[in-house]
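K.L.:
Numbering (the working numbering), first residue to last: 270 to 524. Think of the CB as a built atom: it goes at the ideal place given N, C-alpha and C, for glycine as much as any other residue. The structure presented is a predicted model; accordingly, all values stated were derived computationally and were not measured. Can you read through this structure? Questions will come right after.
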Amino acid sequence: MPFRFGWLSSGRDEAARQLLQAAWEQMQTGFIPAEITFVFCDCERGETAEADLFLDLAARLGIPTITFASRRFLPDLKKQDRDQWRVAFHREVKGRIASQLYDLLVLAGYMLILSAEICRQLTMINLHPALPGGPTGTWQEVIEKLIRERAETTGAMMHLVIPELDRGPAITYFSFPIQGGAFAPLWGEGPEEHGPLFQLIRQEGVRREIPLILLTLKAVAEGRTRIKDGKVVDGAGNAMQALSLTEEIERYLET
């Protein structure tokens with residue numbers, strides 16, 4: 270039986286569709302020995318044009334979909350107590366996916382902050398655009414900190430989702446240098462905020478992110494790395510450090 274992934278997404282943009290399409294295609298070819306057993310989206314049809322395109326894609330690929338509109342759920346509670354709203358909403362999400370068969374949940378452009386409760390109850394992985402132990406926050410905040418600290422390298426990781434945002438144990442990662450080469454002249458005069466240096470760091474990170482996710486799914490499905498009892502382990506169940514996929518990603522980009 271192939272490894273089974275559940276897919277959680279807000280379907281908000283083209284990148285969400287590209288990722289779903291790429292993962293499905295690589296599973297069809299056998300490159301990733303797995304299947305996506307369902308897609309959950311927190312937008313229902315008719316809410317946004319982008320989400321409709323995402324749901325159309327899932328339907329064309331033959332993947333069962335479950336939708337539940339976050340923006341319509343208990344709006345008064347959301348205004349009064351965002352944390353309690355997250356708990357209530359994600360209890361509903363958990364109930365709606367309870368009958369689905371899956372081995373691991375993938376957050377693939379899921380834009381809501383999860384409740385601490387569901388993080389403890391379900392095993393989920395997510396991408397964070399920084400190296401293990403690196404800056405937390407949005408990708409913009411990460412790059413701003415890298416520039417302030419004149420960092421030597423950056424990258425991204427796939428990590429286990431835990432209640433502490435962006436702090437779950439890393440499963441896989443990639444890295445690349447941001448000093449020297451094309452980056453060198455952009456540091457010279459004191460980089461301007463969101464200027465060419467910022468843009469180049471973002472560009473080089475983004476083009477590696479989908480390969481990181483795909484190759485992580487492959488590594489998990491093949492048993493090279495797994496999650497057991499909240500820890501990252503190898504195929505034999507022994508604790509392991511995050512798996513570097515840097516070289517595999519560079520080869521993938523060349524194909």
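Does DSSP put Gly-474 in a helix, in a strand, or in coil?
P.N.:
helix
K.L.:
Would you identify the three-state DSSP class for Thr-317, choosing helix, strand or coil?
P.N.:
Residue state, collapsed to three classes: coil.
K.L.:
Where do the ends of the alpha helix (DSSP H) carrying Cys-388 lie?
P.N.:
385 to 390
K.L.:
Given a threshold of 16 other Cβ atoms within 10 Å of its Cβ, counted over all protein chains shown, does Glu-478 qualify as buried or as exposed?
P.N.:
Buried, since its Cβ has 16 or more Cβ neighbours within 10 Å.
K.L.:
Inspect the beta-carbon positions of Gly-499 and Ile-440 and report whether they are closer than 9 Å.
P.N.:
no
K.L.:
Using alpha carbons as the reference points, say which of Arg-471, Thr-317 and Phe-309 lies closest to Gln-525.
P.N.:
Past the edges of the chain, shown from 270 to 524, lies residue 525, and the structure says nothing about it.
K.L.:
So is Thr-298 buried or exposed if we call it buried at 16+ other beta carbons inside 10 Å?
P.N.:
exposed
K.L.:
I think Phe-272 touches Val-489, with their Cβ atoms under 8 Å apart; what is that distance to the nearest whole Å?
P.N.:
7 Å
K.L.:
Which partner residues of Ile-335 appear in the DSSP bridge assignment?
P.N.:
Phe-309
K.L.:
According to the Cβ coordinates, are Ile-496 and Thr-392 closer than 9 Å?
P.N.:
The answer is yes: Cβ separation under 9 Å.
K.L.:
For Asp-311 and Thr-407, what's the separation of their Cα atoms in angstroms?
P.N.:
The C-alpha of Thr-407 is placed about 20 Å away from the C-alpha of Asp-311.
K.L.:
Does the Cβ of Lys-487 have 16 or more other Cβ atoms within 10 Å, making it buried, or fewer, making it exposed?
P.N.:
Classification of Lys-487: buried, given that the 10 Å Cβ count is 16 or more.
K.L.:
Under the three-state reduction of DSSP, which class applies to Ile-482: helix, strand or coil?
P.N.:
helix
K.L.:
Look at the alpha carbon of Ala-292 and the alpha carbon of Phe-300, and state the distance between them as a whole number of angstroms.
P.N.:
10 Å
K.L.:
Below 7 Å CB to CB, which residues in the same chain sit around Ser-339 once its five sequence neighbours on both sides are set aside?
P.N.:
Asp-311, Phe-358 and Leu-381
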